[in-house]
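Novice:
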Amino acid sequence: MNQYNNPRKSNWKSLITRPYVDNSLIYETVIDVFKSVKENGDVSLRKLTKKFDKVELKNIKVEIDEVDVSEKLISKELKSSIDLAFDNIYKFHLSQLTKNDNIEISEGINCWQEKRPISNVGFYIPGGTAPLFSTVLML
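In case it helps, my numbering puts the sequence shown at residues -15 to 123.
#1: Among ASN(-5), VAL120 and ASN104, which one has its Cα closest to the Cα of TYR74?
#2: Tell me, to the nearest whole angstrom, how far the beta carbon of LYS99 is from that of ASN84; I am working on the premise that it is less than 8 Å.
#3: Taking 8 Å as the threshold (C-beta atoms), are ILE15 and LEU29 in contact?
#4: Can you tell me which residues form a DSSP beta bridge with TRP96?
#5: Between which two residues does the alpha helix (DSSP H) containing LYS33 stretch?
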């Protein structure tokens, strides 16, 4: 990190200017990934996981017995850290819950938000160079 003490006023603009990042390649890659998954489903997910995460998956869905076996492979310290992170994340998100208020904004016109649970959902959580438990826990 660069630190500056009393820089010249003529240098202020260059010191606070953020570098330009061209996201066009990232955008194109994301669009290609979405298109591929939409057209080819799980076959595409396995192919993309191999390409980006360098992991070859036999099955996209993680079965409960795999979770049970994996849980036994981690240390008590790691399990404790994951549990603590879960508790902290849960408490934070619990504070964001709202009740289903029905508001009459004009005579005879009511507005409200509805929250409905989803019975099934699939997530792809890329590992990249630093897979984080917190990412999984927040989803």
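All C-beta atoms, glycine included, are put in the ideal place defined by N, C-alpha and C.
Specialist: Answer, in terms of the structure:
#1: Walking along the sequence shown from the start, residue 74 turns up at place 90. For TYR74, the closest of ASN(-5), VAL120 and ASN104 by C-alpha to C-alpha distance is VAL120.
#2: Residue mapping note: residue 99 aligns to position 115 of the sequence shown, counting from 1. Residue mapping note: residue 84 aligns to position 100 of the sequence shown, counting from 1. With 8 Å as the limit, LYS99 and ASN84 qualify as a contact, their Cβ atoms being about 7 Å apart.
#3: As a working note, residue 29 is residue 45 in the sequence shown. As a working note, residue 15 is residue 31 in the sequence shown. No. Outside cutoff.
#4: Taking the first residue of the sequence shown as 1, we reach residue 96 at position 112. For TRP96, DSSP records a beta bridge to ASN86.
#5: Taking the first residue of the sequence shown as 1, we reach residue 33 at position 49. Just to set this straight, residue 33 is Thr in the shown sequence, not Lys. Taken as a continuous stretch (DSSP letters only), the alpha helix (DSSP H) holding THR33 covers 8 to 37.
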